[in-house]
Amino acid sequence: MTIEELEQIAKSVKQENQKYDYEVNVCMDLACASQGAGALKDALVKAAEASGKTILVRRTGCMGPCSHGPLVRIDPDDTLYHRVKAERAEAIVGSLGAAPVSELQCDLNEHFDKQVRVVLENAGYIDPEKIDDYISRDGYKGLLTVLAEMTPNGVVHRIIESGLRGRGGGGYPTGLKWSTVAKAAGDIKYVVCNGDEGDPGAFMDRSVMEGDPHRVIEGMAIAAYAVGASKGFIYVRAEYPVAVSRLTTALREARRHGLLGNNISNTPFSFDIEIRLGAGAFVCGEETALIASIEGKRGTPKPRPPYPASSGLWGKPTLINNVETYANIAPIIRNGGKWFFNMGSERSKGTKVFALTGKIANTGLVEVPMGIKLREIIEVIGGGVPDGHTFKAVQTGGPSGGCIPTEMLDVGVSYDALLKMGSIMGSGGMIVMDDTSCMVNVARFFIEFCMTESCGKCIPCRAGTAQMFTLLTRICNGAGTMDDLALLEDLCGTVKETSLCGLGQTAPNPVLSTLKYFRNEYIEHIVNKRCPAGVCNIEAAVEVVA
Amino acid sequence: MRKNGFARHALIETLHTVQSSFGYLDDDSIRFVALSLRVPLSQAYGVATFYHYFTLKPPGKHTVTVCAGTACYIKGADKLIAAAEKQLGLKQGQTTPDGQISLMTARCVGACSRAPVVLCDGEVVGEMNDEQMLEQLERWAVE
Numbered sequence: 000m001t002i003e004e005l006e007q008i009a010k011s012v013k014q015e016n017q018k019y020d021y022e023v024n025v026c027m028d029l030a031c032a033s034q035g036a037g038a039l040k041d042a043l044v045k046a047a048e049a050s051g052k053t054i055l056v057r058r059t060g061c062m063g064p065c066s067h068g069p070l071v072r073i074d075p076d077d078t079l080y081h082r083v084k085a086e087r088a089e090a091i092v093g094s095l096g097a098a099p100v101s102e103l104q105c106d107l108n109e110h111f112d113k114q115v116r117v118v119l120e121n122a123g124y125i126d127p128e129k130i131d132d133y134i135s136r137d138g139y140k141g142l143l144t145v146l147a148e149m150t151p152n153g154v155v156h157r158i159i160e161s162g163l164r165g166r167g168g169g170g171y172p173t174g175l176k177w178s179t180v181a182k183a184a185g186d187i188k189y190v191v192c193n194g195d196e197g198d199p200g201a202f203m204d205r206s207v208m209e210g211d212p213h214r215v216i217e218g219m220a221i222a223a224y225a226v227g228a229s230k231g232f233i234y235v236r237a238e239y240p241v242a243v244s245r246l247t248t249a250l251r252e253a254r255r256h257g258l259l260g261n262n263i264s265n266t267p268f269s270f271d272i273e274i275r276l277g278a279g280a281f282v283c284g285e286e287t288a289l290i291a292s293i294e295g296k297r298g299t300p301k302p303r304p305p306y307p308a309s310s311g312l313w314g315k316p317t318l319i320n321n322v323e324t325y326a327n328i329a330p331i332i333r334n335g336g337k338w339f340f341n342m343g344s345e346r347s348k349g350t351k352v353f354a355l356t357g358k359i360a361n362t363g364l365v366e367v368p369m370g371i372k373l374r375e376i377i378e379v380i381g382g383g384v385p386d387g388h389t390f391k392a393v394q395t396g397g398p399s400g401g402c403i404p405t406e407m408l409d410v411g412v413s414y415d416a417l418l419k420m421g422s423i424m425g426s427g428g429m430i431v432m433d434d435t436s437c438m439v440n441v442a443r444f445f446i447e448f449c450m451t452e453s454c455g456k457c458i459p460c461r462a463g464t465a466q467m468f469t470l471l472t473r474i475c476n477g478a479g480t481m482d483d484l485a486l487l488e489d490l491c492g493t494v495k496e497t498s499l500c501g502l503g504q505t506a507p508n509p510v511l512s513t514l515k516y517f518r519n520e521y522i523e524h525i526v527n528k529r530c531p532a533g534v535c536n537i538e539a540a541v542e543v544v545a
Numbered sequence: 000m001r002k003n004g005f006a007r008h009a010l011i012e013t014l015h016t017v018q019s020s021f022g023y024l025d026d027d028s029i030r031f032v033a034l035s036l037r038v039p040l041s042q043a044y045g046v047a048t049f050y051h052y053f054t055l056k057p058p059g060k061h062t063v064t065v066c067a068g069t070a071c072y073i074k075g076a077d078k079l080i081a082a083a084e085k086q087l088g089l090k091q092g093q094t095t096p097d098g099q100i101s102l103m104t105a106r107c108v109g110a111c112s113r114a115p116v117v118l119c120d121g122e123v124v125g126e127m128n129d130e131q132m133l134e135q136l137e138r139w140a141v142e
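Residue numbers (numbering that gives the first Met the number 0), protein chains in the order written: chain A, 0 to 545; chain B, 0 to 142.
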């Protein structure tokens, strides 16, 4: 496959699409599918055939505002319909060429205007199981350009120039990681994609893998060329069966087109990818645990150094990046490092995808430039807290992150700003809580999560989280004392400083951040035996004490 | 196993295949997998018990899985679990004595925008409420 051949495919896809007067794109992502998008698509296909018009009905990945699903977008008019039931299919097809069906039209301009789509640029525009669709939107152009015109060193430099930082949570500079692996000695190197999206409340990686799998494959292939690897692994959670099947299809198609395999594009570069399934362990998102899991062992982390960049999978130098990080690579290669560098804030470049969920009007996936204010994400893009409730906090970073209160909403989103507020960027879950959520209860929920997910290798994490859970349960039940609170804070410090891996080191974050910003709620539970949000069942426990 | 060339590192893949074929991992199958892949039985058993996804007990005819991820929790998944436990008279992770229904919890299925989410025999049902779920359980109890 050469660039000319690639352009030929893109051209023929465009010609093919021009035969149709209208394109009807149906979002078939999990959220829309669970609201009947499957039946809707069948009804649309049927109605399209009956209408006699030339209409292409296409299945696409997540369009974003999942709470409005099932979503249908008509091109070239760019009309977006929401909450479409299968019985409305005929009305939609009938309206093509005339006025749109007004009662189904949705006005989410504010929601979309604030967003900048890089990772999600194809979401809602391509059929994830068709490689030609991806190629027609400049897919694999980055890879072939790299192979034809750039040296591996040049690729690494472009990534460094872009200022891209790891999207998995830690925010380690991607270019630096690549150059470390590229410089590491050894004939055999591996490239690994971390698709073990364990953070409950985040689903952007699933959406990317399901909606645009070739983007991840292209990113990995470019990375492999840059660091000198010839074998890659995508580690996916077993809880995402659709992502696994889409990736499998995508890999097969890429091989058939000669974009994976031996001597890609008639160059000495060979690269292939295997899929590895996770089996439900949060700790496997940690890179050394993930490596152990790929090797078929229990997913327990190892002390670092040695870092995987020098000794990873089977002791070989290994590059591990998150799904979203790889998804950023192809656009950076195509548009240049400068282009990416000019987006975002001072030390956090580019865009970030967030999964906006919880007590908010427009739940779903959003992609925003770094540096945007949290308030804009929640009030403008998210549409605010529904049902007349008031906003209380937003939780970012999952079980490793923290809760950010109203006062901090005007801070711009970046790795460093979130860290300063006691939270982390994490993989990008953003869970909004209103006045009906009890912060002590939420902290307890996260500690319970970390306690269950702790692999048990090091004591601070294994025993510490269990003790913290007991203390928090006591406070939630109204049986806690001020001494318990002091002990809890002390314990947080110990676990944070002495745990082996990221799981333990960040496990106290939800407790620390709620203690910092919502201390009065803890005190209310302890002193007045009252849960301000009315979540915790205190009366029962108080009676026992009395 | 053949698909992965009997590679030792494909242990997790193999266990996945066994579980999807039989519904769970019993002693015999773990032993067989360990022997065929030439990994110590202790490692195979360790892996099978370490990961939440593998189950050593046969599941019921129907499985209801309540997502206990953060977004679902905020929107009341804990109440759903409590209601189901009460209705079925068991704890999460258990199966009714007649083998009809298993009640499971999951760590996020990635459909957070539709929270709270329940998987009914693998099918995602979003924005679940108590009545809806109990109705489903009653239907399954006799099917």
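Glycine included, C-beta positions come from ideal geometry on N, C-alpha and C.
The beta carbon of L55/A does not come within 8 Å of any beta carbon belonging to chain B, so the residue lies off that interface.
For P267/A, no pairing in a beta bridge is given by DSSP. Look at R303/A here: in three-state DSSP terms it is coil, with no helix or strand label. Beta-bridge annotation (DSSP): P404/A is paired with A392/A.
Between I80/B and L136/B, the gap from beta carbon to beta carbon reaches 8 Å or more. With respect to chain A, the C-beta atom of V17/B has no partner C-beta closer than 8 Å. For S112/B, the closest of D106/A, S422/A, V510/A and T362/A by C-alpha to C-alpha distance is T362/A.
Nearest in C-alpha terms to S269/A, of all of S94/A, E86/A, G260/A and G277/A, is G260/A. A354/A is bridged by DSSP to L364/A and G428/A. Interface with chain B (8 Å Cβ-Cβ cutoff): Y516/A is excluded. Taking the Cα of I187/A as reference, the smallest distance to any Cα among G411/A, A38/A, N320/A and G314/A is reached at G314/A. The Cβ of S20/B sits no closer than 8 Å to any Cβ of chain A.
Closest option to H256/A, judged by alpha-carbon separation, among L471/A, I525/A, I2/A and S229/A: I2/A. Around the CB of I458/A, fewer than 16 other CB atoms lie within 10 Å, so the residue is classed as exposed. In the three-state scheme derived from DSSP, where H, G and I count as helix and E and B as strand, Q104/A is classed as strand. Short of 6 Å from the beta carbon of A30/A, and not among the five residues preceding or following it, lie these beta carbons of its own chain, in chain order: C65 and G68. Neighbours of F281/A in chain B, taken as residues at a C-beta separation under 8 Å, are given in chain order as R106. Annotation: V412/A to L36/B spans about 48 Å, alpha carbon to alpha carbon. The alpha-carbon of T435/A is positioned some 26 Å away from that of L118/B. The segment 208-223 of chain A makes contact with the segment 121-139 of chain A: 3 or more CB pairs, one atom from each, lie closer than 8 Å. By alpha-carbon distance to C460/A, the top candidate from G477/A, C491/A and L470/A is C491/A. The three-state secondary structure of N152/A, taken from DSSP, is helix. The beta-carbon of R113/B is placed less than 8 Å from the nearest beta-carbon of chain A. Partner residues in the beta bridge of H61/B, as assigned by DSSP, are I100/B.
Non-local C-beta neighbours of G284/A in its own chain, meaning closer than 6 Å and more than five positions away in sequence, comprise D195 and G197, ordered along the chain. Interface residue (Cβ-Cβ distance to chain B less than 8 Å): Y189/A is not classified as such. Distances from the CA of S20/B to each of M127/B, T54/B, L102/B and G75/B were compared; the closest alpha carbon is that of T54/B.
Per DSSP, K230/A is one residue of the beta strand (DSSP E) stretching across K230 to V235. Residue burial annotation: V180/A is buried, with at least 16 other C-beta atoms found within 10 angstroms of its C-beta. Excluding sequence positions up to five before and after Q504/A, its CB lies within less than 7 Å of the CB of K495 and S498, all in the same chain and listed in chain order. For the pair I446/A and T248/A, the Cα-to-Cα distance works out to about 38 Å. Under the DSSP definition of a beta bridge, I73/A partners with V23/A and T78/A.
C535/A: not part of any alpha helix (DSSP H); DSSP gives it neither H nor E. Assigned with DSSP and collapsed to three states, Y414/A falls in helix.
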